[in-house]
Amino acid sequence: MAMEPDSTQPDSGRPELPKLEFKPDATKAARVRAFRIVTFGLAMFVLAVCLVWLVVFRPRTPTLTPAAEPVRAAGAESLQPSAPIVAVPVTAETPESALRNAVSGLETLLNDMKECWRRAAAYVPLSTPGAEQLDEAVSRVRRAVVLAESAAALAAEGPDRLSGLKTVLRKTGAGGYRASVVGSAADEFVREISSAAADRLEHFRAQEQAYAALVAGDAAEFEIKGDVATAYLRKSESAERRIVRARERLRSALLEFERGR
């Protein structure tokens, strides 16, 4: 009986396999280590720069305190706190100053009325227009009437302002002759501006009626209404002269009243 070959014995007929050995590449390992060191160093550098920017260069909102507020001086580059704001005491209006304001309010009312009259007069033709300009002339005179109505509306405020003036006059606690002179002068002033406003309004209304007659071809009515307009204008001008005198008396009465206080 033949014997089987021993499997533990090396087979002399087969080539021997090479033994595997791990030999690390020192050069490649050094390169990888250097790359990791450089990458880590760059990351640390970027992180440090970000921290410095956040701490030093980040813009901050200035904080206001009750005692001071930031103000920028001319040419300054930084904010500096200003000095505390000192409260200015508010003084109540005295009866005397209120009285002066009331008188000034009446004069302002007159000035506004005169401005309306001036603008209204600029719309009225200086001479009789021809047929081709007649429609435009009628339109302009109508605008003048509207302005005169505005002046009359301003004059209607006179009694209310006069009442306010007398109320202030009573609050001064002054009686007697000087106070009565101020009240009387104010009465006259308001009465005259109301009269002038009414006459000036009728003047422009008569002008409007005159041009309406001219459009209708009624030359006689045009002349009649023109004469009426002129008459009202003369009355208004006379009232304006009285207004000037009444205003001077009111100013003088106010001055004497203040001197007697």
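Using full-length UniProt numbering, read the sequence shown as starting at 1 and increasing by one per residue. Here a beta-carbon is modelled for each residue, glycine too, at the ideal position from N, C-alpha and C.
Going by DSSP, P125 is part of no alpha helix (DSSP H) at all; its letter is neither H nor E. Residue burial is scored here from C-beta neighbours: F204 has at least 16 other C-beta atoms within 10 angstroms and is therefore classed as buried. Of the other Cβ atoms in all chains shown, 16 or more fall within 10 Å of the Cβ of Q209; this residue is therefore buried. Comparing C-alpha distances from T230 to each of L147, L99, L126, V49 shows the shortest one belongs to L126.
Here DSSP, grouped into helix, strand and coil, assigns A156 to coil. Boundaries cannot be given for D218, as no alpha helix (DSSP H) includes it and DSSP labels it neither H nor E. Per DSSP, reduced to three states, the secondary structure at T94 is coil, with no helix or strand assignment. Between the alpha carbons of S163 and R245 lies a distance of about 21 Å. Per DSSP, reduced to three states, the secondary structure at D25 is coil, with no helix or strand assignment. Put simply, the region 209-222 does not touch the region 154-172. Fewer than three CB pairs are less than 8 Å apart.
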